[in-house]
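Read through the structure below, which is laid out as structure tokens, and then see the notes.
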Amino acid sequence: MTRPLILLRRRLVGSIFVLLIVIIGSFLLLEAAPGDAVDAYIVSTGGDAGMIELLRHRWGLDQSELTRLANYLWALLHLDLGHSVTFSRPIREIILERLPTTLILMGSATALSFGLGSALGIYAGARPGSFRDRFLSIGSLALYAVPGFWLGLVLIVIFAVDLRWLPIGGIESLASDKTGLARTADIATHLVLPVSALGFIYLALYLRMMRAGMAEAWRQDFVLAARSRGLSRRRIVLAHVARNALLPLVTMLGLQSAQMLGGSVVIESVFAVPGLGRLAQEAVAGRDTPLLLGIILTSAVLVIVINLVVDLAYAFLDPRVGASEAGA
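Counting from 11, one number per residue, gives the positions in the sequence shown under the working numbering.
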């Protein structure tokens, strides 16, 4: 068995235990919270004691906590996420409708933050201590200190309200009959502001990490050897310094996936983007525990998959990692 396959097998086995801990822990924490779906339903629509008892029996809330947990785990073994009491629909259908929007938002924001942040970090770290290095370092620190929701609101005020260049929110124009490239362009236009608000925060992090990695790489012996061979500064920066400084960013890419997913919850709420983040907000408002558990499980699987891909990419970039993992 090849080293990547051994690494993949080890990660998949560990992921099963991680998912089990996430499921059981989330279930117990949500059960410990005050109120349930029946309380939220009665508050919004009203009802008597007979209706409350009927709803609790219909939704299985009159069973013991251990019984409901066992039933939920048994349903998951059959890939059944349950039924949403808020939307009166299968949870799997609801999540599959909202998941693509969140994936597009996260993917675009990650590409923006990682790509532009790395490029600016290389530009700053190419000449440590220069004016552009200090300017970008201070600017990235200030940007990283800005809350995502506040940055989103500022972007809305400037580009949507004052300049009217971009739409305020949503994923596409309402009652639009656009198809093909026209619909794609419409969705891209709606995503400019939320992607910018989510990506710029992490852009600052990647910029600072790349700049710090390059500053460390400049002091290594291989840079001195490259200079002694008469290589140009541009080639040393791109082929040697930046390449070695890029490895920690690949690791951070996987670690930041969970924070990126958490940040999308806020951004989707600010820009009214119908993704998993906004769905989680609706589930919390309706005390819809099965739906919220389905969202948490989907998010955990998404983070695990992203980290698995990052681990494989890191093993490919640095064969020593793959060799150590396979031999462990």
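By construction, the Cβ of each residue, glycine as well, lies at the ideal position given by its N, Cα and C atoms.
Bear in mind the structure is a predicted one, so any value in this text is a computation, not a measurement.
DSSP three-state label for PRO100, please.
In the structure shown, PRO100 sits in a strand (DSSP, three-state: E or B).
So, at 8 angstroms on beta carbons, what are the nonlocal neighbours of TRP289 in its own chain, with the 5 sequence-adjacent residues on each side left out?
According to the sequence provided, residue 289 is Leu. The question's Trp does not apply to it. Correct list, in chain order: ILE104, ILE105, ARG108, LEU301 and ILE305.
How many Å lie between SER128 and LEU22 at the Cα?
Looking at the two C-alpha atoms, the distance is approximately 30 angstroms.
Can ALA323 and VAL260 be called in contact, C-beta distance under 7 angstroms?
Yes, they are a contact pair.
Do SER267 and ILE316 have their C-beta atoms closer together than 7 angstroms?
Yes, the pair counts as a contact, with Cβ atoms nearer than the cut-off.
Less than 8 angstroms between the CB atoms is what I'm expecting for PRO157 and VAL283, so what's the real figure, rounded?
That pair is no contact at about 18 angstroms.
Excluding sequence positions up to five away, which residues of its chain have a Cβ less than 8 angstroms from the Cβ of ARG137?
Cβ within range, chain order: ASP143.
With DSSP collapsed to three states, give me the class of HIS250.
Helix, per DSSP.
Going by Cα to Cα distance, which pick from LEU91, VAL319, ARG221 and ALA295 is closest to PRO44?
With distances taken between Cα atoms, PRO44 lies closest to ALA295.
Consult DSSP for SER36 and reduce its assignment to one of helix, strand or coil.
It is helical.
Nearest by alpha-carbon distance to LEU126: which of LEU215, ARG20 and VAL202 is it?
Among LEU215, ARG20 and VAL202, the Cα nearest to that of LEU126 belongs to LEU215.
May I have the straight-line CA-CA distance separating THR299 from GLY92, to the nearest angstrom?
If you take the alpha carbons of THR299 and GLY92, they lie about 10 angstroms apart.
Kindly give me the distance between the Cβ atoms of LEU201 and SER118, rounded to whole angstroms, as I take these residues to be in contact under 8 angstroms.
Going by Cβ atoms, the distance from LEU201 to SER118 rounds to 6 angstroms, so yes, they are a contact pair.
Which class does HIS88 belong to by DSSP, given the choice of helix, strand or coil?
Coil, per DSSP.
Consult DSSP for SER128 and reduce its assignment to one of helix, strand or coil.
Looking at SER128 - three-state DSSP - the assignment turns out to be helix.
Mind checking which residues open and close the alpha helix (DSSP H) that includes PRO204?
190 to 227 is the span of the alpha helix (DSSP H), which, as asked, contains PRO204.
So PHE124 and LEU263 are supposed to be a Cβ contact under 8 angstroms. How far apart are they, rounded?
Yes, they are in contact, since the Cβ atoms of PHE124 and LEU263 sit about 6 angstroms apart, within 8 angstroms.
Quick check on DSSP: helix, strand or coil for SER74?
Looking at SER74 - three-state DSSP - the assignment turns out to be coil, as it is neither helix nor strand.
Measure the beta-carbon distance from LEU86 to LEU213 and round it to whole angstroms, keeping in mind my assumption that it falls under 8 angstroms.
Incorrect: roughly 37 angstroms between the Cβ atoms, too far for contact.
Within 10 angstroms of the Cβ of GLY249, are there 16 or more other Cβ atoms? Answer buried if so, exposed if not.
In the sequence on display, residue 249 carries Ala and not Gly. Answer is exposed; the Cβ neighbour count stays below 16.
Are the beta-carbon atoms belonging to THR96 and GLY285 less than 7 angstroms from one another?
Taking 7 angstroms as the Cβ cut-off, THR96 and GLY285 do not qualify as a contacting pair.
Would you mind reading off the limits of the alpha helix (DSSP H) that contains PHE169?
It is not in any alpha helix (DSSP H) - PHE169 carries neither H nor E in the DSSP assignment.
Indicate the three-state DSSP secondary structure (helix, strand or coil) for SER183 in the structure shown.
Reduced to three states, the DSSP call for SER183 is coil.
Spatial neighbours of ILE181 within its chain, please: C-beta separation below 7 angstroms, excluding the five flanking residues on both sides.
Within the same chain, ILE181 has close Cβ partners THR111, ILE197, HIS200, VAL283 and PRO284.
Which value, in whole angstroms, describes the spacing of the CA atoms of ALA155 and PHE141?
One C-alpha to the other measures close to 21 angstroms.
To which residues of the same chain is LEU365 closer than 8 angstroms at the C-beta, ignoring the five residues directly before and after it?
With the chain represented from 11 up to 338, any question about residue 365 goes unanswered, as that position is not in the structure.
Per DSSP, what are the beta-bridge partners of SER94 in this structure?
DSSP, once it has assigned bridges, lists ARG99 as partnering SER94.
Does the distance from the CB of PHE37 to the CB of LEU79 come in under 7 angstroms?
Cβ distance < 7 angstroms, so PHE37 and LEU79 count as in contact.
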